[in-house]
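To start, the structure itself, in structure tokens.
Following this line, the structure appears as structure tokens:
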């Protein structure tokens, strides 16, 4: 019997472990390489910042610094290989490396600006994770995700400033209120499909904005609410950028593990089944409306958490931060990171947040450049930056290696 | 005792009667065939039984329980599994995951227990993987358990769909044209498997164009024509039934190939 089982072992074509080892090696090399150069450049540019007149040389250094910021992004964007294969959905040693990189990054780049942008990236990552379950896995479209983000932020703002709740309590209240609203909205809306669902959620987002702007007594109208305290747990206040970095990325890690567990289980399979064929899904006993609603509510709870943390870090909540200007980037993060992956939205969030930050220095040119980059990314990486980039870079490495061998052989 | 009984069921599409007061019974533990020319209403009947569509009037009883107004997923929870005429495997999953997704109803646990990956979830997931591999083994698909379902050839996708339905452990299995698009040797294997499934105590209700196969495996066959049930009985008796012969012959060239 044992022999028989061995006979049916899968063919080796799907096993890509040597490739991944290659990747890890390459990645470690790059980290070490960046340690030296990245730091040096950073200090240089910071010193020159203090000199009032900016010369051509310092501008060039600015560009160099940008490049060095892009390298870790690119590295993190490598991390969504083979999302579909069953055994790839398990946790791997590789995941620990990524966790280590996230933990060490703020110590290596000990720049408040880096920390702050990464905090924003982390908040976007939480949002994108929630949306990815709904969009990437269940195959539905939501363009109103920012509203749940806003509900979370406003719940925290109101509870902490007006009723002096602690931010820790407000965090859970935000997640609850966002998911409660999602439940009420989702019951009727999720019967829609495709474009209609997109429009309905878009409408919900706009209605939320109008309500926030108009109900001045509750939300402070267009001006918003100020003076939200720092996030704190048992007297420990997250008042520096570094502490906030670890707070946010701790939450991201927790939610990441939660989501990954979800998608490698029965629920993930049911979500993919709903995305592929709803008739077939219900033919095996999957309650399609219910599972859609569950995942919509879960995504909203993620967004509520993100909103609460966002309010504590920004110390304000105003309607400008929760409109389409947030929804569209989140959707882009999910798509760019790779639909139907869990690494994807995190990688997409880091990439896009940094892109926006870097491009903001070029002021009026930033939006055209941003959109051109997005279009190019969508053309060249339609399945998401993770999957394709991996294959391409490995292909290039292989090409170089073979070329060297070929040349040596000839000589 | 009949496992499934359909009473006077009617379905109209824009004034055209796809099914007109059809009554049928499927006995427990048997293989029942349903034949008829194209457009006779066979697939419509299947859709009504599995709940993809709702009937205009009439009753469907499963295990002497009225399921006429139940949702599709509730019916499958009661033990009705089905395959589709056009293959509907989930191409975005691997082969083994397709079968494991078929066990959805049997695996218990809330969203949070899965998200936190509690110990008993771990064991149930492992067991379901093992069981899914067993089902794939019995269908001869184990060699491809890790490849994407969309990459399988058509015949294997049909088998996979059957495996997914079996993973539900259904009491009644509805097979909608399982042999269409298969080669002759594949059809032989398929009919062997269907008989095997019956031996395990599963009742099979099968729509099929391939007469040789239905005549061979079915205990009883019903014939639909233009939404009417024109004949019902053992395969041998239908072969000599003039009404059935006429129904098929008047269909022209398509009918001659399908003639019993």
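Residue numbers (the working numbering), protein chains in the order written: chain A, 1 to 411; chain B, 1001 to 1260. Cβ coordinates follow ideal geometry from the N, Cα and C atoms, glycine included. Nothing here was measured: the structure is a model prediction, and the numbers come from that model.
Taking C-alpha atoms, which residue in B/1017, B/1019, B/1041 and B/1105 lies nearest to residue 1170 of chain B? The count along the second chain starts at 1 and reaches residue 1170 of chain B at position 170. Per the Cα distances, B/1105.
Quick check on residue 372 of chain A - is its C-beta less than 7 Å from some C-beta in chain B? For this step, residue 372 of chain A is matched to residue 372 along the first chain. Cβ-Cβ to chain B under 7 Å: no for residue 372 of chain A.
Do residue 161 of chain A and residue 308 of chain A have their beta-carbon atoms positioned less than 7 Å apart in this structure? Taking the first chain and counting its residues from 1, one reaches residue 308 of chain A at position 308. Taking the first chain and counting its residues from 1, one reaches residue 161 of chain A at position 161. No, these two residues do not count as a Cβ contact at 7 Å.
For residue 1016 of chain B, which three-state DSSP category applies? Translated into positions along the second chain, residue 1016 of chain B becomes position 16. Residue 1016 of chain B: strand per DSSP, three-state reduction.
Can you name the residues that DSSP bridges to residue 1228 of chain B? The count along the second chain starts at 1 and reaches residue 1228 of chain B at position 228. Secondary-structure assignment with DSSP links residue 1228 of chain B through a beta bridge to B/1225.
Tell me which same chain residues have a C-beta within less than 6 Å of the C-beta of residue 1244 of chain B, skipping the five on either side of it? If you number the second chain from 1, residue 1244 of chain B lands on position 244. Counting only Cβ-Cβ distances below 6 Å, and skipping sequence neighbours, we find 1223, 1231 and 1238.
For residue 258 of chain A, go through chain B and note every residue whose CB falls closer than 8 Å to its CB, in chain order. Residue mapping note: residue 258 of chain A aligns to position 258 of the first chain, counting from 1. Within 8 Å Cβ-Cβ: 1115 and 1116.
Check whether chain B comes within 7 Å of residue 38 of chain A, counting only Cβ atoms and requiring the distance to be less than that. For the purposes of this step, residue 38 of chain A is taken as residue 38 along the first chain, with counting starting at 1. Annotation note: pLDDT 40 at residue 38 of chain A (below 50); position unreliable, coordinate value reported separately. Chain B, which has no Cβ nearer than 7 Å to the Cβ of residue 38 of chain A, makes this no.
Can you tell which of B/1131, B/1176, B/1028 and B/1066 has its C-alpha closest to the C-alpha of residue 1009 of chain B? As a position in the second chain, residue 1009 of chain B is number 9, starting the count at 1. Among B/1131, B/1176, B/1028 and B/1066, the Cα nearest to that of residue 1009 of chain B is on B/1066.
Quick check: is the beta carbon of residue 1052 of chain B nearer than 7 Å to any beta carbon in chain A? Here the question's residue 1052 of chain B lines up with position 52 in the second chain. It does; some Cβ of chain A falls within 7 Å.
For residue 1069 of chain B and chain A, any beta-carbon pair shorter than 7 Å? Translated into the one-based positions of the second chain, residue 1069 of chain B becomes position 69. Not closer than 7 Å to any Cβ of chain A, the Cβ of residue 1069 of chain B fails to qualify, so no.
Within the segment 136-204 of chain A, note down every full alpha helix (DSSP H) run reaching 4 residues or more, in order along the chain. 145-161 and 167-189
One question on the structure: do residue 452 of chain A and residue 1092 of chain B come within less than 7 Å of each other, judged by their Cβ atoms? Residue 452 of chain A falls outside the range modelled here, since chain A spans only 1 to 411, and no answer is possible.
Backbone secondary structure at residue 1064 of chain B - three-state DSSP: Sequence index remark: in the second chain, residue 1064 of chain B carries index 64 (1-based). DSSP, reduced to helix, strand and coil, places residue 1064 of chain B outside both helices and strands of the structure shown, so it counts as coil.
Could you name the residues of the same chain whose beta carbon sits closer than 8 Å to that of residue 1095 of chain B, not counting the 5 residues immediately before and after it, in chain order? Position 95 of the second chain, counting from 1, holds the residue named residue 1095 of chain B. These residues qualify, in order along the chain: 1136, 1141, 1144, 1145, 1146, 1147, 1148, 1149, 1152 and 1160.
Extent of the continuous beta strand (DSSP E) run through residue 1176 of chain B: Your numbering for residue 1176 of chain B matches position 176 in the second chain. Here the beta strand (DSSP E) through residue 1176 of chain B covers 1172-1176.
Could you pull the DSSP bridge partners for residue 1200 of chain B from this structure? Start at 1 with the first residue of the second chain, and residue 1200 of chain B comes out as number 200. Answer is none; residue 1200 of chain B lacks a bridge partner.
Residue span of the beta strand (DSSP E) that contains residue 1034 of chain B, given as start and end: Working through the second chain from its first residue, we reach residue 1034 of chain B at position 34. Taken as a continuous stretch (DSSP letters only), the beta strand (DSSP E) holding residue 1034 of chain B covers 1031-1035.
Using the Cβ count rule (16 or more neighbours within 10 Å means buried), how would you classify residue 1110 of chain B? To locate residue 1110 of chain B, count along the second chain from 1; it is residue 110. When all chains shown are included, residue 1110 of chain B counts as exposed.
8 Å Cβ shell around residue 1181 of chain B - same chain, five flanking residues per side excluded: Residue numbering aside, residue 1181 of chain B sits at position 181 when the second chain is read from its first letter. Closer than 8 Å at Cβ, skipping near neighbours: 1154, 1155 and 1158.
Identify, in the order they occur along the chain, each residue of the same chain with its Cβ nearer than 6 Å to the Cβ of residue 244 of chain A, setting aside the five sequence neighbours on each side. The residue you call residue 244 of chain A lines up with position 244 of the first chain. If we look at residue 244 of chain A and ignore the five residues flanking it on each side, its Cβ neighbours are 119, 238 and 313.
Should residue 357 of chain A be labelled buried (16 or more other beta-carbon atoms within 10 Å of its own) or exposed? Position 357 of the first chain, counting from 1, holds the residue named residue 357 of chain A. Buried, by the Cβ-count rule.
Length of the line joining the Cα atoms of residue 224 of chain A and residue 304 of chain A: Reading the first chain from its first residue, position 224 is the one you call residue 224 of chain A. Reading the first chain from its first residue, position 304 is the one you call residue 304 of chain A. Cα-Cα distance, rounded: 18 Å.
Suppose you measure from the CA of residue 99 of chain A to the CA of residue 349 of chain A; what does that come to, to the nearest Å? Residue numbering aside, residue 99 of chain A sits at position 99 when the first chain is read from its first letter. Residue numbering aside, residue 349 of chain A sits at position 349 when the first chain is read from its first letter. Rounded to the nearest angstrom, the two C-alpha atoms are 16 Å apart.
Would the beta-carbon of residue 148 of chain A fall within 7 Å of that of residue 295 of chain A? Here the question's residue 148 of chain A lines up with position 148 in the first chain. Here the question's residue 295 of chain A lines up with position 295 in the first chain. The answer is no: Cβ separation not under 7 Å.
In chain order, what residues of the same chain have a beta carbon less than 8 Å from the beta carbon of residue 204 of chain A, not counting five sequence neighbours either side? Here residue 204 of chain A refers to the residue found at position 204 of the first chain. Hits under 8 Å: 144, 147, 185 and 189.
Taking all protein chains shown into account, do 16 or more other C-beta atoms lie within 10 angstroms of the C-beta of residue 1100 of chain B, making it buried, or fewer, making it exposed? Here the question's residue 1100 of chain B lines up with position 100 in the second chain. So residue 1100 of chain B ends up on the buried side.
For residue 943 of chain B and residue 137 of chain A, what's the separation of their Cα atoms in angstroms? This structure cannot settle anything about residue 943 of chain B, because the visible part of chain B is limited to 1001 through 1260.
Report yes if the CB atom of residue 123 of chain A is closer than 7 Å to the CB atom of residue 310 of chain A, and no otherwise. Here residue 123 of chain A corresponds to residue number 123 of the first chain, with the count starting at 1. Here residue 310 of chain A corresponds to residue number 310 of the first chain, with the count starting at 1. Going by C-beta atoms, residue 123 of chain A is nearer than 7 Å to residue 310 of chain A.
Per DSSP, which residues does residue 1082 of chain B bridge with? Please list them. Here residue 1082 of chain B refers to the residue found at position 82 when the second chain is read from its first residue. B/1174.
Shorter than 7 Å from the beta carbon of residue 187 of chain A to some beta carbon of chain B? Within the first chain, residue 187 of chain A is the residue found at index 187, counting from 1. With 7 Å as the cut-off, residue 187 of chain A does not count as an interface residue toward chain B.
Can you grab the Cα-Cα spacing for the pair residue 116 of chain A / residue 369 of chain A, in whole Å? Taking the first chain and counting its residues from 1, the one referred to as residue 116 of chain A is at position 116. Taking the first chain and counting its residues from 1, the one referred to as residue 369 of chain A is at position 369. If you take the alpha carbons of residue 116 of chain A and residue 369 of chain A, they lie about 23 Å apart.
Are the C-beta of residue 1013 of chain B and some C-beta of chain A separated by less than 7 Å? The sequence position of residue 1013 of chain B within the second chain is 13, counting from 1. False, the Cβ-Cβ gap to chain A never drops below 7 Å.
Could you name the residues of chain A that residue 1072 of chain B contacts, counting a contact when the two beta carbons are closer than 8 Å? Looking up residue 1072 of chain B in the second chain gives position 72. In chain order: 279, 282 and 283.
How close, in whole Å, do the beta carbons of residue 306 of chain A and residue 127 of chain A come, if the pair is a contact with beta carbons under 8 Å? Locating residue 306 of chain A in the first chain gives position 306, where the first residue counts as 1. Locating residue 127 of chain A in the first chain gives position 127, where the first residue counts as 1. Indeed they touch by this definition, with Cβ atoms about 5 Å apart.
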